[in-house]
Structure formats: C-alpha cells, structure tokens
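*Asks:* Mind having a look at this structure? Questions to follow.
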Amino acid sequence: MTSVLSSVGRSTRHRAVPARRGLSHEQGFWAIALAFAVSLAFTVVPTPLWAIYQRHDGYSTIAVTIAFAAYAVGVVTSLFLAGHVSDWLGRRRVLLPAVLLEAIAATLFLTSTSLGVVIVARVLSGLGIGMITATATAHLSELHAAARPAAGRARADLVSTVANLGGFAFGPIVAGLLAQYVDAPLRTPYLVFLALLLLAALAVALVPETVSALPRRYRPQRVNVPAAARPRYFAAAAGAFASLSVLGLFTSLAPSFVAGTLHHPSRALAGLVASLVFASGAAAQVLLRRHPIRVQLMTGLSLMVLGLVTVTAGVWGTSLAVFLAGGIMAGGGAGALLKGAISTVVDLAPPAVRGEALAGLFLGGYLGLAVPVLGLGFATQLVSARVALLGFATAVILVIAGTARMLLFVRR
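Throughout the sequence shown, residue numbering follows the numbering used here, covering 150 to 561 in sequence.
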C-alpha cells in the first residue's frame with residue numbers, strides 16, 4: 150500500500166560507492182525485490198487471523214480495528230521521520246534495520262496474543278515498512294541502473310509495483326492456508342515469516358550500496374501543498390484516502406464479514422479474499438501504467454463505485470460470490486485510482502518540492518487506511534454489520550464523487 154506512494158518524484162542523485170564483496174548489482178536487484186515483497190507480505194499476515202483472535206482471545210471488533218490502525222500510525226510516523234534518510238545515510242543502512250524491525254514484530258506476535266503486545270507489534274511493523282518502501286523503491290531503481298546502464302527504468306518500476314501489491318497479495322493467502330491446514334494457527338504463520346524475514350535481512354546485508362553516506366543535518370520530511378493547484382491536489386489526496394480505505398476494509402474487518410455475516414469460517418478463504426483484492430489492484434496498476442492519467446482516474450473511480458456497491462449487495466444478499474466479485478472490482482479500482490492520484494500530484498508539483506507534495510498525499514492515504522475502518526468498527530457495536538458496511542460504502546462513494554468532480558470535470 151505504500152511503495153506506489155513513495156516511489157515517485159524522488160530527486161536523489163545516485164552516487165558511486167566503492168565495490169565490496171557480496172552480490173552483484175543484478176543479483177542485488179532481485180534480492181531487494183524479494184526482501185521488499187516478503188516485508189510487505191508479513192504486514193498482512195494477521196488478515197485471515199483476526200477472526201481467530203476474536204474467537205479464541207475475546208477480541209472485539211473495535212479491538213481488531215485498533216490493532217489494524219496501529220500499523221498505519223507506525224507507517225505515517227516512519228515515513229515522515231525516517232522514510233527519506235537513506236538519501237544521505239545510505240540504502241542498505243536503512244533497509245537492514247527496517248527488515249529486522251519486521252522480524253522483531255514477528256517475534257512479538259509469537260510471544261503473546263494479548264491485545265497490547267499485538268498493538269506494539271503492529272506499530273513496529275508499520276515503522277519498518279515506512280522505512281522500507283521509499284528506500285527499497287529507490288534502491289531498486291539504482292541497482293537496475295547499475296546492472297543495466299543502457300536500459301530505461303521500466304523494469305525497475307514494474308518490479309517495484311509487483312513487489313508492492315504482489316507482496317500484499319501473497320501474505321494473506323499463505324497465512325490463511327497455514328492457519329487452515331497446519332497446527333498452531335496463531336504461531337505457524339509468524340514462524341514461517343520470521344524465517345523469511347531473517348533470510349531477507351541476510352540478503353540485504355549482501356546487496357551493493359548505491360548511495361555514499363554524506364554528513365547532513367537531520368530534519369523530518371516536510372509537507373508542501375502546491376499553492377497554485379490546491380483544489381486538484383486535495384482531490385488527489387481524497388482519492389488516495391478512498392483507495393486505502395477500501396484496501397483497509399479488506400485487511401481488517403472483511404474476514405469477519407466472510408466468517409460471520411456470510412457464514413464461511415474458512416481461514417484459507419479469508420486469506421484468499423484479501424489476496425484477490427490486492428492482486429486485482431496490482432494487475433490494474435500494471436495494465437494502466439502506460440495510459441494517460443485521466444484514464445487511470447476514470448477507471449479507478451468507476452471500478453471503486455461498482456465494487457463497493459457489489460460488495461454491499463453481497464453482504465446484504467448473503468452471497469459470497471457477489472462479495473468476491475465486488476472485492477475484485479474494488480481492489481482493481483483502488484489500485485488504479487491510487488496510481489492516478491500519485492501521477493496527478495507528480496504532474497502538479499514542481500520537481501524541487503515533489504517529494505514534499507507527495508508526503509501530503511501519503512498522509513491523506515494513511516488517514517484513509519485507518520479512520521474509516523475505525524469508524525466501521527465502532528459502527529458495528531451500534532448497528533448490524535450490514536448497516537455499518539452500507540454506511541461505510543456510502544461515505545466512501547461520496548468521497549469518490551467529490552474526487553471525480555475535481556479531477557475530471559473542473560478545469561485547472
């Protein structure tokens with residue numbers, strides 16, 4: 150959910166660094182891609198497990214949403230405090246501790262199922278991902294350029310996109326299958342990913358550095374809103390908000406809807422639902438990457454509305470097939486809209502402040518990941534899940550309508 154946000158508009162100059170023993174630039178490129186995907190996959194391992202936490206450990210729906218939202222808090226904090234420091238500290242010096250943070254989070258999940266420990270683990274996971282996304286994306290681009298100097302950036306951009314949403318698609322289905330068919334469903338998935346994360350950390354340690362460390366005074370990432378284009382900028386941020394609110398729904402409460410309202414308690418199915426949503430988002434971004442921004446926006450906005458309506462109809466009609474179809478449409482729409490929103494901000498912002506403009510977009514997106522899902526969790530304590538989801542879908546569709554008006558129908 151983050152790489153596509155943080156990979157655009159970086160202006161860091163690649164600086165040659167002395168060669169060292171380890172992987173070649175080509176091998177390092179694939180090692181970083183795999184470490185990136187594994188780290189992102191780990192963040193959504195709890196998705197098919199939330200229903201087990203509810204059933205075995207007494208988590209309420211609100212507890213699940215708070216634990217889920219803790220991740221977004223960690224990501225936003227890290228993006229603004231540490232997401233940019235690899236530009237002068239070095240890529241590997243940031244990536245290695247970030248991947249190890251994910252491993253520490255996995256260890257915490259293994260030590261206890263208490264809500265407090267789970268929340269701390271989620272915050273640590275978010276802190277690690279906030280450091281990983283921007284850094285890994287830049288590192289992939291630089292390793293690709295070093296390995297294939299005559300080639301364009303298309304391969305690096307494509308691999309970054311696939312590692313990003315592909316990682317998110319990989320995590321839930323693997324966790325769901327392990328929880329369904331292997332003993333200790335609240336331990337085995339974390340053990341498997343702890344091993345993968347430690348292997349990823351070892352690989353990162355062997356990857357060539359692409360940025361020489363430079364002395365620089367630390368400052369947090371700034372936010373800059375282009376004054377001449379504020380209406381369209383805020384509309385793009387609203388689009389990111391809507392996109393991540395849908396992705397947040399399918400990684401937090403959707404498995405509970407599948408198990409409870411739709412009466413399908415399979416853990417593997419819960420993981421499959423989330424995986425399909427992210428896979429459709431990745432497919433949409435890959436298929437639309439060469440299309441104009443307007444096409445990306447129109448496709449994303451339309452698919453999200455259709456998807457949300459279909460998801461709601463599936464829950465009200467107690468139809469798993471309709472719910473899945475809606476999730477696939479909504480996921481594809483979220484991926485397309487997110488890409489279009491980022492492209493819009495890149496187009497609006499001058500190069501000198503592009504990173505700062507994107508930082509504001511990150512904030513809007515991660516508010517969307519946390520706030521609507523928290524609202525939905527609280528709403529389920531007051532009304533039925535069907536009514537709560539209807540309210541969620543209505544609110545997001547209203548945001549989409551406002552976004553469409555400003556981005557598609559109002560002249561610059």
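Even glycine gets a Cβ: it sits at the ideal position worked out from N, Cα and C.
With a CB to CB cut of under 7 Å and the five nearest residues on each side skipped, what residues in its chain are close to K488?
*Replies:* Position 339 of the sequence shown, counted from the first residue, corresponds to residue 488. Counting only Cβ-Cβ distances below 7 Å, and skipping sequence neighbours, we find V153, Q434, L437, Q445.
*Asks:* Is it buried or exposed, L314, if we count other Cβ atoms within 10 angstroms and call 16 or more buried?
*Replies:* One-based indexing of the sequence shown puts residue 314 at position 165. Flag for L314 reads buried.
*Asks:* Exposed or buried, which one is D496 when buried takes at least 16 other CB atoms within 10 Å?
*Replies:* Numbered from 1 along the sequence shown, position 347 holds the residue referred to as residue 496. With fewer than 16 Cβ atoms within 10 Å of its Cβ, D496 is classed as exposed.
*Asks:* By how many angstroms is the C-alpha of Y330 removed from the C-alpha of F558?
*Replies:* Numbered from its first residue, the sequence shown carries residue 558 at position 409. Numbered from its first residue, the sequence shown carries residue 330 at position 181. Approximately 51 Å between the Cα atoms of the pair.
*Asks:* Among I201, T226, V248, S173, whose alpha-carbon lies nearest the alpha-carbon of F191?
*Replies:* Stepping through the sequence shown from its first residue, residue 191 is reached at position 42. For the residues I201, T226, V248, S173, the minimum Cα distance to F191 belongs to V248.
*Asks:* So Y585 is in the alpha helix (DSSP H); what residue range does that whole segment cover?
*Replies:* No answer is possible for residue 585: it lies beyond the span of the chain, which begins at 150 and ends at 561.
*Asks:* What residues in its chain sit with their C-beta under 7 Å from that of T262, if we drop five residues either side in the sequence?
*Replies:* Position 113 of the sequence shown, counting from 1, holds the residue named residue 262. Answer for T262: Y202, D206, L335, listed in chain order.
*Asks:* Does E358 pass the burial test, meaning 16 or more other C-beta atoms within 10 Å, or should it be called exposed?
*Replies:* Counting from one through the sequence shown, the residue named residue 358 turns up at place 209. With 16 or more other Cβ atoms within 10 Å, it is buried.
*Asks:* Please state whether DSSP places Y515 in a helix, a strand or coil.
*Replies:* Here residue 515 corresponds to residue number 366 of the sequence shown, with the count starting at 1. Here Y515 sits in helix by DSSP.
*Asks:* Which of helix, strand or coil does DSSP assign to R162?
*Replies:* Here the question's residue 162 lines up with position 13 in the sequence shown. The pLDDT assigned to R162 is 48, lower than 50, so where the model puts this residue is not dependable, and the model offers no usable value.
*Asks:* Is it buried or exposed for V532, if we count other Cβ within 10 angstroms and need 16 for buried?
*Replies:* Taking the sequence shown and counting its residues from 1, one reaches residue 532 at position 383. So V532 counts as exposed.
*Asks:* Can you tell which of L198, A218, H288 has the C-alpha that lies nearest to the C-alpha of R242?
*Replies:* In the sequence shown, the residue the question calls residue 242 occupies position 93. Among L198, A218, H288, the Cα nearest to that of R242 belongs to H288.
*Asks:* Using the Cβ count rule (16 or more neighbours within 10 Å means buried), how would you classify S156?
*Replies:* Numbered from 1 along the sequence shown, position 7 holds the residue referred to as residue 156. Because S156 sits at a pLDDT of 45, beneath the cut-off of 50, its placement in the model cannot be relied upon, and the point is left open.
*Asks:* I need the straight-line Cα distance from F472 to P414, nearest angstrom please.
*Replies:* Within the sequence shown, numbered from 1, the residue matching residue 472 stands at position 323. Within the sequence shown, numbered from 1, the residue matching residue 414 stands at position 265. Looking at the two C-alpha atoms, the distance is approximately 15 Å.
*Asks:* If I measure Cβ to Cβ from S160 and keep anything under 6 Å in the same chain, skipping five residues before and after, which residues do I get?
*Replies:* Mapped onto the sequence shown, residue 160 falls at position 11. Any reading at S160 must be qualified, since the residue scores a pLDDT of 43, below 50, and its modelled position is unreliable; no value is offered.
*Asks:* Let's test the definition: count the other Cβ atoms within 10 Å of the Cβ of R368 and tell me whether it reaches 16, buried, or not, exposed.
*Replies:* Locating residue 368 in the sequence shown gives position 219, counting from the first residue. Its Cβ having fewer than 16 others within 10 Å, R368 is exposed.
*Asks:* With DSSP collapsed to three states, give me the class of V234.
*Replies:* For the purposes of this step, residue 234 is taken as the residue at position 85 of the sequence shown. Coil at V234, not helix or strand.
*Asks:* May I ask you to verify whether the region 292 to 301 touches the region 267 to 279, counting CB pairs closer than 8 Å and requiring at least 3?
*Replies:* No, the region 292 to 301 is not in contact with the region 267 to 279.
*Asks:* Output needed for G223: all residues of its chain with C-beta closer than 6 Å, excluding positions within five of it in sequence on either side, in chain order.
*Replies:* Against the sequence shown, residue 223 aligns to sequence position 74. These residues qualify, in order along the chain: V272, G275, L276.
*Asks:* Report buried or exposed for F319, applying the criterion of at least 16 other Cβ atoms within 10 angstroms of its Cβ.
*Replies:* Reading the sequence shown from its first residue, position 170 is the one you call residue 319. By the 10 Å Cβ count, F319 comes out buried.
*Asks:* In this structure, does DSSP put S261 in helix, strand or coil?
*Replies:* For this step, residue 261 is matched to residue 112 along the sequence shown. Looking at S261 - three-state DSSP - the assignment turns out to be coil, as it is neither helix nor strand.
*Asks:* Please determine, among A485, L172, Y382, P321, the residue with the shortest C-alpha to C-alpha distance to L393.
*Replies:* Reading the sequence shown from its first residue, position 244 is the one you call residue 393. When only C-alpha atoms are compared, the closest one is A485.
*Asks:* Excluding sequence positions up to five away, which residues of its chain have a Cβ less than 6 Å from the Cβ of A462?
*Replies:* Start at 1 with the first residue of the sequence shown, and residue 462 comes out as number 313. If we look at A462 and ignore the five residues flanking it on each side, its Cβ neighbours are V471.
*Asks:* Could you say which of L230, V395, P441, T448 lies nearest to V426 if we only look at CA atoms?
*Replies:* What you label residue 426 is simply residue 277 of the sequence shown in a count that begins at 1. That would be V395, whose Cα lies nearest to the Cα of V426.
*Asks:* According to the neighbour-count rule (16 or more other Cβ atoms, all chains shown, within 10 Å of its Cβ), is L228 buried or exposed?
*Replies:* Taking the first residue of the sequence shown as 1, we reach residue 228 at position 79. Buried, because 16 or more other Cβ atoms sit within 10 Å of the Cβ of L228.
*Asks:* Note down, in chain order, each residue of its chain lying with its Cβ closer than 8 Å to the Cβ of L259, except the 5 sequence neighbours on either side.
*Replies:* As a first step, residue 259 must be located in the sequence shown, where it is residue number 110. So the list reads R336, Y339, L340, L343, once near-sequence residues are dropped.
*Asks:* By a C-beta neighbour count over all protein chains shown, 10 Å radius and 16 as the cutoff for buried, is T543 buried or exposed?
*Replies:* Your numbering for residue 543 matches position 394 in the sequence shown. T543 should be labelled exposed.
*Asks:* Could you give the distance in angstroms between the alpha-carbon of G480 and the alpha-carbon of T459?
*Replies:* Along the sequence shown, read from residue 1 onward, the residue named residue 480 stands at position 331. Along the sequence shown, read from residue 1 onward, the residue named residue 459 stands at position 310. Rounded to whole angstroms, G480 to T459 spans 12 Å at the Cα level.
*Asks:* So which of G504, I549, L348, G239 has the shortest CA-CA distance to A184?
*Replies:* By one-based count along the sequence shown, residue 184 stands at place 35. Cα-wise, what sits closest to A184 is L348.
*Asks:* Give me the residue from L538, I253, S188 with the minimum Cα distance to A352.
*Replies:* Sequence index remark: in the sequence shown, residue 352 carries index 203 (1-based). The shortest C-alpha separation from A352 is found at S188.
*Asks:* From L510 to A490, what does the alpha carbon distance come to, in whole angstroms?
*Replies:* Here residue 510 corresponds to residue number 361 of the sequence shown, with the count starting at 1. Here residue 490 corresponds to residue number 341 of the sequence shown, with the count starting at 1. Roughly 8 Å between the two C-alpha positions.
*Asks:* Can you tell me whether A550 is buried or exposed? The criterion is at least 16 other CB atoms within 10 Å of its CB, across all chains shown.
*Replies:* As a first step, residue 550 must be located in the sequence shown, where it is residue number 401. Exposed is the call here.
*Asks:* Using the C-alpha atoms, what's the distance from Q530 back to L538?
*Replies:* As a working mapping, residue 538 is identified with position 389 in the sequence shown. As a working mapping, residue 530 is identified with position 381 in the sequence shown. Taking the straight line joining both Cα atoms gives about 12 Å.
*Asks:* Using the three-state DSSP reduction, which class does L402 fall into: helix, strand or coil?
*Replies:* What you label residue 402 is simply residue 253 of the sequence shown in a count that begins at 1. DSSP places L402 in coil when its eight states are reduced to three.
*Asks:* Exposed or buried, T400, counting other C-beta atoms within 10 Å across all chains shown (16 or more means buried)?
*Replies:* As a first step, residue 400 must be located in the sequence shown, where it is residue number 251. Classification for T400: buried.
*Asks:* Hey, how far is the Cα of A384 from the Cα of V464?
*Replies:* Taking the first residue of the sequence shown as 1, we reach residue 384 at position 235. Taking the first residue of the sequence shown as 1, we reach residue 464 at position 315. When rounded, the distance between both Cα atoms is 30 Å.
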